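A.B. asks:
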Amino acid sequence: MSVTEKDVRYVAGLARLQLSEKEVKTLAGDMNDILGYMDQLNELDTTNVEPLEHVIEMDSRLRKDEAKAPISHEDALKNAPDADSDYFRVPKVIE
Amino acid sequence: MSTIAHERFEAVIGLEVHAQLLTNSKAFAPVASIYGEAPNTQVTPLCLGHPGTLPVVNENLVRYIIKMGLATNCGIAPKSIFARKNYFYPDLPKGYQISQFETPICHDGYVDIELEGYNKRIGLTRIHMEEDAGKSIHDQDPYNTLVDLNRAGTPLIEIVSEPDLRTPQEAYAYLSKIKQIVQYLEVCDGNMEEGSLRCDANVSVRPRGQEKLGTRTELKNMNSFRNVEKAIEYEIYRQIELIESGGEVVQQTRLWDSNKMQTRIMRSKEEAHDYRYFPEPDLPPIIVTDEMLEEIRSELPELADVRQKRFVADYGMSEVDAVTITEDRYLADYFESVVDYSGNAKASLNVVLSEVLRILNEKSISIQEFSITPQRLSELIKLKEEDKINSSAMQTIFNKMLEDEGSPEDLAKSMNLIQVSDSGFLEELVDDIIANNPDEVERFKAGKKQLMGFFVGQAMKASKGKANPKMVTQMVTKKLEA
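So the protein lines, in turn, are chains A and B. Per numbering that gives the first Met the number 0, the first sequence runs over residues 0 to 94. Per numbering that gives the first Met the number 0, the second sequence runs over residues 0 to 481.
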C-alpha cells in the first residue's frame, strides 16, 4: 500500500491542517515509511495474541457517581478567544 | 401510503436510540448537568477540553448500561474498551467524542413488541456507552454561533436495533417499549420532547420477496414518538415513489421537518464523516466481573411484562387493563400503593382507570404530578365500600380532593354527602314517595319494573343525593310487591 499526495491532503483536511506542497511530499514519504514498517510487523504470526489497546496493565477504575462544584462561569469563559457574557462565541457554523 | 405500494414493496427499518442517563454527575467528570441551568455553569476543565485533564469513568454509567443490557436480553462483554470518534465541531471541544466502537459492552439482545393482532421479537445489535456534546445556538447572533457546554460529557447509551422493523407502527411500538424499559429501570426519564430520549432511523425499501436490502437513508431530527412514525412513513413513501418512477434511492442523511411533514437532505454519502475511531488511550478497559453482573441482576426491578402477568393473576384484572395500568411504571406503583392501603384491588382499579387517568389526560400531567396521594384515595374508596357514600358522591368528593387537602370523610360531611342508611328516615321518605305517586305505583304493580329507577331517583332528590340507593330499592320492593 502506498500513500499518495492526495491521501495526505485528505488526512490533513480531516485534521484541519494546512500543509505546503513541500510538506505534502515529505509527509507522503514519511507515511509510506511508517506503513512499510507496519508491513514488516505484519509478517509476525499474531493469531493467538490478544490485541493490546493499552500499554499499562490496568482494569477499570470507576468513580462514585457524585457531583462536585463546577468551576465558576467566569473561569469557564476566561481562556476563550471570544465569548459574550453567557456563551463561547465561534464563527457561524452552517451545516 | 397507498396500499398498492404496500403490496409490491416492503420497508426495512432499524432504529438508533440515544438515552440520556439519570446519573448525578457526567460520564467522565464529577460535575452535574441539570437541564435548563444558565449556560456554561455546569462545567469542569475536562468538559471544556483543556489540556492536561483526564477522564475517569462514572460507575453508574457502567451499572446503568448493564441494567439496560440485562433487561433487553443482551450478552454483557466481560471486557470492553472506549474509543475516540474524531470530528471537529465547536460544541465538541476535545475534537473527539468518547464512545465505544468495536467492543460495545452489551450485544445481541432483543425486545418483544405487541401490535394489533400480532407480537414480534426485535433484535438489538448492540448498546454502547458514550458522552453527549454541548449545544450550539445558530439563531441568536447574526454573525456567530454560540456554544453552551453544560451538556458536554453527559452520559448517553446508544441502543441499536437490528433491521427487523417493517412498518412505521412497528417502529413506534419498539420505541415505546424502549422508553418503557428505561423508565422501569429508572436509568433515563424517556422524555423525547426534552431530548433525553432521541431516535434516528435507517430506512430502505425492497420489492417483496427480494432478500437483498435496498439503499438506505438515515432520518434525523424527530423529536416525538409521533414524528418518528410520520417521518418513517413519509420516507418509505418517498423511496417507493422514486423507484416506481424509474429513479434510484441515494444513500444520504435526511432531516425531518415536522412543520412541512417531509424529510429533506442533510448530507450525502460523499460528505459522510470519516471518524477515524481508535482506542481511547486515557481510559482503561471496562472489566465486568461475574460478581458485579450478579449484583446488578439482583437489583433489577420487576419489568412491565412480568408485572402485567402478575396483575392479571393477583388482582384478577383483564389483560387489557393490566397493559394500561403497567404502561407507565409510576402509574402501576401508584395503583399498587392504593391497593395496599384500601385492601380492595377491584375498586382501586376502577377509580384509577376512570377517575385518575381522566384527570391525567385532561390536565396532561404525569402520575408523579397528581395531587391525591394513594392513601387519601384509598380512604375515599373505603367510604364507598362501607356504603357511607354512593357513586355520584364519590365522583364529587374525588373532584373536590384535587384541590382540597381535607380527608375524604370530612369533605363528604362538609358537602353533606354522607349517605343516609337510617332505615327510619328512609322508610318515611319511601312512604311519602309512594303516597305522592299513585300512577307510578299502579304501573309498577302491573309489571312495569323499570319504574324502580324513578322511585330511587325521587328518593335521591328528596334526600339531596344522600339516600342509600340499595336500601331504597329494597324498601320499595318490599312495600310494593308484598
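For every residue, glycine included, the Cβ atom is placed at its ideal position computed from N, Cα and C. In this text the structure is predicted, and so the values were computed from the model without any measurement.
Taking 9 Å as the threshold (C-beta atoms), are K444 of chain B and L479 of chain B in contact?
C.D. replies: As a working mapping, residue 479 of chain B is identified with position 480 in the second sequence. As a working mapping, residue 444 of chain B is identified with position 445 in the second sequence. Contact flag set, yes.
A.B. asks: Let me know the secondary structure DSSP gives G74 of chain B once reduced to three states.
C.D. replies: Taking the first residue of the second sequence as position 1, residue 74 of chain B is located at position 75. DSSP places G74 of chain B in strand when its eight states are reduced to three.
A.B. asks: Leaving out the 5 sequence neighbours to the left and right, which residues in its chain are closer than 8 Å to I180 of chain B when beta-carbon positions are compared?
C.D. replies: By 1-based counting over the second sequence, the position of residue 180 of chain B is 181. Closer than 8 Å at the Cβ level, and outside the excluded window around I180 of chain B, lie M67, A70, T71, V110, L302 and A303.
A.B. asks: Is the beta carbon of L155 of chain B sitting closer than 9 Å to the one on Q19 of chain B?
C.D. replies: Residue 155 of chain B sits at position 156 when you count from the first residue of the second sequence. Residue 19 of chain B sits at position 20 when you count from the first residue of the second sequence. In contact: L155 of chain B and Q19 of chain B (Cβ atoms closer than 9 Å).
A.B. asks: Could you compute how far the alpha carbon of L123 of chain B sits from the alpha carbon of N258 of chain B?
C.D. replies: Taking the first residue of the second sequence as position 1, residue 123 of chain B is located at position 124. Taking the first residue of the second sequence as position 1, residue 258 of chain B is located at position 259. Between L123 of chain B and N258 of chain B, the C-alpha separation is close to 32 Å.
A.B. asks: Are the beta-carbon atoms belonging to S175 of chain B and E130 of chain B less than 9 Å from one another?
C.D. replies: On the second sequence, residue 175 of chain B is found 176 positions in, with the first residue counted as 1. On the second sequence, residue 130 of chain B is found 131 positions in, with the first residue counted as 1. No, Cβ-Cβ distance for S175 of chain B and E130 of chain B is not below 9 Å.
A.B. asks: Compute the beta-carbon to beta-carbon distance between V30 of chain B and P69 of chain A, rounded to the nearest angstrom, for a pair I have assumed lies under 8 Å.
C.D. replies: As a first step, residue 30 of chain B must be located in the second sequence, where it is residue number 31. As a first step, residue 69 of chain A must be located in the first sequence, where it is residue number 70. So it is a contact: roughly 5 Å between Cβ atoms.
A.B. asks: Considering only residues of the same chain and omitting the five flanking positions on each side of D403 of chain B, which have a CB-CB separation below 7 Å?
C.D. replies: In the second sequence, residue 403 of chain B corresponds to position 404, counting from 1. If we look at D403 of chain B and ignore the five residues flanking it on each side, its Cβ neighbours are L410.
A.B. asks: Using a threshold of 9 Å, state whether the C-beta atoms of P38 of chain B and L145 of chain B are closer than that.
C.D. replies: Taking the second sequence and counting its residues from 1, one reaches residue 38 of chain B at position 39. Taking the second sequence and counting its residues from 1, one reaches residue 145 of chain B at position 146. Contact flag set, yes.
A.B. asks: For H137 of chain B, return the contacting residues in chain E, with the cut-off set at a CB-CB distance below 8 Å.
C.D. replies: The structure shown contains no chain E; the protein chains it does contain are A and B.
A.B. asks: Closer than 7 Å, Cβ to Cβ, to anything on chain B: give me those residues from the region 63-78 of chain A, in chain order.
C.D. replies: Hits within the stretch, in order: K63, D64, E65, A66, K67, P69, I70, H72, A75 and L76.
A.B. asks: DSSP three-state label for Q251 of chain B, please.
C.D. replies: Sequence index remark: in the second sequence, residue 251 of chain B carries index 252 (1-based). Strand.
A.B. asks: Whole beta strand (DSSP E) runs in the region 48-99 of chain B with 3 or more residues, listed along the chain?
C.D. replies: Entirely contained in the region 48-99 of chain B, the beta strand (DSSP E) runs reaching 3 residues are, in chain order, 82-85 and 95-98.
A.B. asks: Please name the residue in B:R266, B:D430 and B:E361 whose C-alpha comes closest to that of E217 of chain B.
C.D. replies: As a working note, residue 217 of chain B is residue 218 in the second sequence. When each option's Cα is compared against that of E217 of chain B, the closest is B:R266.
A.B. asks: Name, in chain order, the residues that DSSP records as bridge partners for P206 of chain B.
C.D. replies: Here residue 206 of chain B refers to the residue found at position 207 when the second sequence is read from its first residue. Answer is B:F8.
A.B. asks: Considering H127 of chain B, what are the terminal residues of the beta strand (DSSP E) in which it resides?
C.D. replies: Residue numbering aside, residue 127 of chain B sits at position 128 when the second sequence is read from its first letter. Its beta strand (DSSP E) spans residues Y117 to E130.
A.B. asks: Going along chain A in order, which residues have a C-beta closer than 7 Å to the C-beta of S24 of chain B?
C.D. replies: The count along the second sequence starts at 1 and reaches residue 24 of chain B at position 25. Within 7 Å Cβ-Cβ: D64, E65 and A66.
A.B. asks: Looking only at its chain, what residues have a beta carbon closer than 7 Å to the beta carbon of C187 of chain B, apart from the 5 residues adjacent to it on each side?
C.D. replies: Residue numbering aside, residue 187 of chain B sits at position 188 when the second sequence is read from its first letter. Here the set comprises A18, Q19, L20, L21, V181, S195 and L196.
A.B. asks: DSSP on T2 of chain B, reduced to helix/strand/coil?
C.D. replies: As a working mapping, residue 2 of chain B is identified with position 3 in the second sequence. Here T2 of chain B scores only 47 on pLDDT, less than 50, and its place in the model is too uncertain to base an answer on.
A.B. asks: Can at least three beta-carbon pairs, one atom from the region 240-256 of chain B and one from the region 274-288 of chain B, be found at a separation below 8 Å?
C.D. replies: No, they do not touch.
A.B. asks: Measure the C-alpha to C-alpha separation of R62 of chain A and D107 of chain B and round it to an integer number of angstroms.
C.D. replies: On the first sequence, residue 62 of chain A is found 63 positions in, with the first residue counted as 1. On the second sequence, residue 107 of chain B is found 108 positions in, with the first residue counted as 1. Taking the straight line from one Cα to the other gives about 28 Å.
A.B. asks: Residues in its own chain within less than 6 Å of G48 of chain B by CB, not counting five upstream and five downstream?
C.D. replies: Taking the first residue of the second sequence as position 1, residue 48 of chain B is located at position 49. Hits under 6 Å: P92 and K93.
A.B. asks: Is it buried or exposed for R120 of chain B, if we count other Cβ within 10 angstroms and need 16 for buried?
C.D. replies: Residue numbering aside, residue 120 of chain B sits at position 121 when the second sequence is read from its first letter. Exposed: under 16 other Cβ atoms inside 10 Å.
A.B. asks: Name, going along the chain, the residues of the region 53-68 of chain B whose beta-carbon falls closer than 9 Å to a beta-carbon of chain A.
C.D. replies: Under the 9 Å Cβ criterion, the region 53-68 of chain B contributes V55, V56, N57, E58, N59, L60, V61 and R62.
A.B. asks: At a cut-off of 8 Å, would you count F100 of chain B as near the ligand FMN, judging by its Cβ distance to the nearest heavy atom?
C.D. replies: Of ligands this structure carries none, so the ligand FMN is not represented either.
A.B. asks: Which residues mark the beginning and the end of the alpha helix (DSSP H) in which H72 of chain A is found?
C.D. replies: To locate residue 72 of chain A, count along the first sequence from 1; it is residue 73. Counting along the chain, the alpha helix (DSSP H) containing H72 of chain A begins and ends at H72 to K77.
A.B. asks: Applying the 10 Å Cβ sphere with the 16-neighbour rule, what's the burial state of T3 of chain A?
C.D. replies: As a first step, residue 3 of chain A must be located in the first sequence, where it is residue number 4. Looking at its Cβ environment, which holds fewer than 16 other Cβ atoms inside 10 Å, T3 of chain A is exposed.
A.B. asks: If I'm right that V287 of chain B touches P77 of chain B with Cβ under 8 Å, what's the distance once you round it to whole angstroms?
C.D. replies: As a position in the second sequence, residue 287 of chain B is number 288, starting the count at 1. As a position in the second sequence, residue 77 of chain B is number 78, starting the count at 1. Yes, V287 of chain B and P77 of chain B are in contact; Cβ-Cβ is about 6 Å, under 8 Å.
A.B. asks: When the Cβ atoms of the region 405-419 of chain B are set against those of the region 454-469 of chain B, are three or more pairs found closer than 8 Å?
C.D. replies: Yes, since at least three Cβ pairs between the region 405-419 of chain B and the region 454-469 of chain B fall closer than 8 Å, the two stretches touch.
A.B. asks: Determine, using beta carbons only, whether D58 of chain A comes closer than 9 Å to chain B.
C.D. replies: Along the first sequence, read from residue 1 onward, the residue named residue 58 of chain A stands at position 59. Yes, D58 of chain A lies at the interface with chain B (some Cβ there is under 9 Å from its Cβ).
A.B. asks: With 16 as the cutoff for other CB atoms within 10 Å, does N41 of chain A come out buried or exposed?
C.D. replies: Within the first sequence, numbered from 1, the residue matching residue 41 of chain A stands at position 42. Exposed.
A.B. asks: Name, please, each residue of chain A whose Cβ falls closer than 7 Å to the Cβ of Y142 of chain B.
C.D. replies: Position 143 of the second sequence, counting from 1, holds the residue named residue 142 of chain B. Here the neighbours are K91.
A.B. asks: Quick check: is the beta carbon of E4 of chain A nearer than 9 Å to any beta carbon in chain B?
C.D. replies: Sequence index remark: in the first sequence, residue 4 of chain A carries index 5 (1-based). Not closer than 9 Å to any Cβ of chain B, the Cβ of E4 of chain A fails to qualify, so no.
A.B. asks: Alpha carbon to alpha carbon, how far is T153 of chain B from L330 of chain B?
C.D. replies: Working through the second sequence from its first residue, we reach residue 153 of chain B at position 154. Working through the second sequence from its first residue, we reach residue 330 of chain B at position 331. So the two alpha carbons sit approximately 28 Å from each other.
A.B. asks: Could you tell me the alpha carbon to alpha carbon distance between T2 of chain B and Y183 of chain B, rounded to whole angstroms?
C.D. replies: Counting from one through the second sequence, the residue named residue 2 of chain B turns up at place 3. Counting from one through the second sequence, the residue named residue 183 of chain B turns up at place 184. Because the pLDDT of T2 of chain B is 47, which lies under 50, any placement of that residue in the model is unreliable, and the question is left without a value.
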